[in-house]
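Chains as they are written, first to last, in the working numbering: chain X, 1 to 219; chain L, 220 to 432.
These notes concern the structure reproduced below.
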């Protein structure tokens with residue numbers, strides 16, 4: 001979706017403001033928001049691509065005025081509501097008002113280290129051949145899906161060069177919709193800064209993205 | 220996030236003396252619901268927070284970089300297969316299943332961003348700082364990286380190539396900065412003290428030997 005989350009190249013946000021000696025979390029509620037989101041992944045059963053879509057899928061004005069962990073919480077609540085795990089009246093009441101929906105597993109303290117260690121690898125075996133090789137010129141397609149995609153707007157229609165072939169990986173555009181992992185070849189594609197931002201751009205700049213094969217055509 | 224719950228009458232702690240912010244109240248309420256439903260174990264939440272506050276952080280990445288500075292075999296493997304090399308030090312897993320190390324040289328400077336969300340190599344750097352997740356960084360880095368570097372007080376030679384890596388997939392990038400001069404014969408442990416978090420994102424440079432004195 002063309003949401004406010006797709007920020008590459010936007011103007012007007014002002015300078016980057018590093019915070020000296022920044023703590024990992026700002027306040028107790030951020031710790032809980034972070035941990036609730038990670039812990040609910042197990043009983044909730046959604047995947048990372050569904051989580052990302054749940055976070056970005058909100059009106060641009062809301063997205064831009066919320067803090068990072070406010071967006072996480074809003075995404076978590078949407079994911080849970082979609083699956084009937086919680087409802088608005090319960091959130092308003094601050095208590096469970098009806099029996100829990102059965103869930104497969106709950107994250108236990110003993111599971112935590114192992115779950116993090118396992119992570120979520122996305123590389124998959126394949127019998128298919130990669131369509132492109134390092135050095136090939138490719139154009140990023142012009143697409144504007146209403147659903148989740150990882151092709152940023154600022155590269156759409158632009159020509160770049162395949163820098164690396166990264167293997168076959170779970171395709172977010174499909175996985176985010178519950179349509180299966182549909183693994184596709186993944187490439188790092190390098191664009192000259194001037195191709196992205198115009199002739200006046202600093203000639204020393206290049207930008208790469210990681211792009212699945214369906215995002216690309218030969219140029 | 221569209222309305223508040225000040226009228227909630229079941230909360231026993233909405234007295235004026237409470238220093239709980241609205242977000243604390245909301246988050247606590249949500250945790251209460253999920254606990255009552257049996258979906259979460261609060262001790263697992265404590266453990267998650269503890270791990271990312273105390274165990275997984277930029278010191279992991281600094282070990283990787285310091286080893287790459289002293290061990291040519293490790294360095295070679297690191298740039299060929301980052302996941303395997305970094306895995307040999309015990310780091311990997313969540314937000315680090317597919318790791319790619321980027322080599323800074325006298326002619327190329329690498330910077331990492333996630334314009335679409337906040338992808339970051341947790342396994343080697345821990346959770347990202349606020350600025351990494353912020354709109355200014357996500358918006359400007361791909362178009363004006365030198366301007367972003369100036370926000371960090373970093374000025375690179377005009378002819379240095381700047382390569383920005385937008386983390387749009389599950390590959391996670393770790394910048395390997397150049398080893399500072401005057402560190403010949405230093406141990407990995409001492410070298411690791413020079414490796415800052417920002418130098419492994421590409422928004423900073425490593426400390427110099429004089430900075431440790």
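Where a beta carbon is used, it is the ideal one built from N, C-alpha and C, also for glycine.
Delimiting residues of the alpha helix (DSSP H) encompassing residue i
i	result
residue 401 of chain L	Note, residue 401 of chain L: premise wrong, no alpha helix (DSSP H); not H, not E.
residue 9 of chain X	Premise fails: residue 9 of chain X is in no alpha helix (DSSP H) and is neither H nor E.
residue 114 of chain X	109-118
residue 264 of chain L	261-269
Boundaries (first-last residue) of the beta strand (DSSP E) holding residue i
i	result
residue 3 of chain X	Per DSSP, residue 3 of chain X belongs to no beta strand (DSSP E) and is neither H nor E.
residue 182 of chain X	Note, residue 182 of chain X: premise wrong, no beta strand (DSSP E); not H, not E.
residue 128 of chain X	Residue 128 of chain X -> no beta strand (DSSP E), and no H or E assigned at all.
residue 208 of chain X	205-212
residue 140 of chain X	137-140
residue 217 of chain X	216-218
Residue i versus the options, residue with shortest Cα-Cα distance
i	options	result
residue 115 of chain X	X/97, X/39, X/195, X/72	X/39
residue 182 of chain X	X/154, X/212, X/191, X/153	X/212
residue 59 of chain X	X/79, X/168, X/4, X/22	X/4
residue 257 of chain L	X/98, X/140, X/154	X/98
residue 245 of chain L	X/21, X/7, X/74	X/74
residue 106 of chain X	X/152, X/37, X/184, X/72	X/37
residue 30 of chain X	X/68, X/129, X/53, X/194	X/68
residue 424 of chain L	L/334, L/328, L/300	L/328
residue 240 of chain L	X/21, X/26, X/17	X/26
residue 54 of chain X	X/63, X/133, X/125, X/79	X/79
residue 35 of chain X	L/420, L/271, L/255	L/271
residue 176 of chain X	X/199, X/204, X/108, X/145	X/145
residue 370 of chain L	L/255, L/251, L/422	L/422
Exposure label - residue i; buried when at least 16 CB within 10 Å
i	result
residue 210 of chain X	buried
residue 364 of chain L	buried
residue 11 of chain X	exposed
residue 49 of chain X	buried
residue 360 of chain L	buried
residue 323 of chain L	buried
residue 286 of chain L	buried
residue 381 of chain L	buried
residue 70 of chain X	buried
residue 153 of chain X	buried
residue 326 of chain L	exposed
Rounded C-alpha distance that separates residue i from residue j
i	j	result
residue 229 of chain L	residue 92 of chain X	The pLDDT assigned to residue 229 of chain L is 40, lower than 50, so where the model puts this residue is not dependable, and the model offers no usable value.
residue 1 of chain X	residue 148 of chain X	5 Å
residue 307 of chain L	residue 393 of chain L	16 Å
residue 112 of chain X	residue 384 of chain L	30 Å
residue 297 of chain L	residue 303 of chain L	7 Å
residue 157 of chain X	residue 104 of chain X	44 Å
residue 76 of chain X	residue 390 of chain L	24 Å
residue 288 of chain L	residue 400 of chain L	12 Å
residue 65 of chain X	residue 42 of chain X	29 Å
residue 263 of chain L	residue 72 of chain X	18 Å
residue 232 of chain L	residue 83 of chain X	Bear in mind that the predicted position of residue 232 of chain L carries a pLDDT of just 40, short of 50, making it unreliable; the figure below should be weighed with that in mind. Residue 232 of chain L and residue 83 of chain X: Cα-Cα distance of roughly 31 Å.
residue 300 of chain L	residue 294 of chain L	10 Å
residue 141 of chain X	residue 352 of chain L	27 Å
Problem set entry | Start-end ranges of the beta strand (DSSP E) lying completely within the segment 14-83 of chain X, minimum 3 residues | none
Problem set entry | In chain order, each alpha helix (DSSP H) run of at least 4 residues that lies wholly inside the segment 285-328 of chain L | 291-299, 301-306
Exercise. At what residue ranges does the segment 149-183 of chain X contain a whole run of the alpha helix (DSSP H), taking only runs of 4 or more?
Worked result: 172-175
Exercise. Where are the alpha helix (DSSP H) runs, 4 residues long or more, that stay fully inside the segment 358-382 of chain L, in chain order?
Worked result: Runs of the alpha helix (DSSP H) inside the segment 358-382 of chain L: 364-370.
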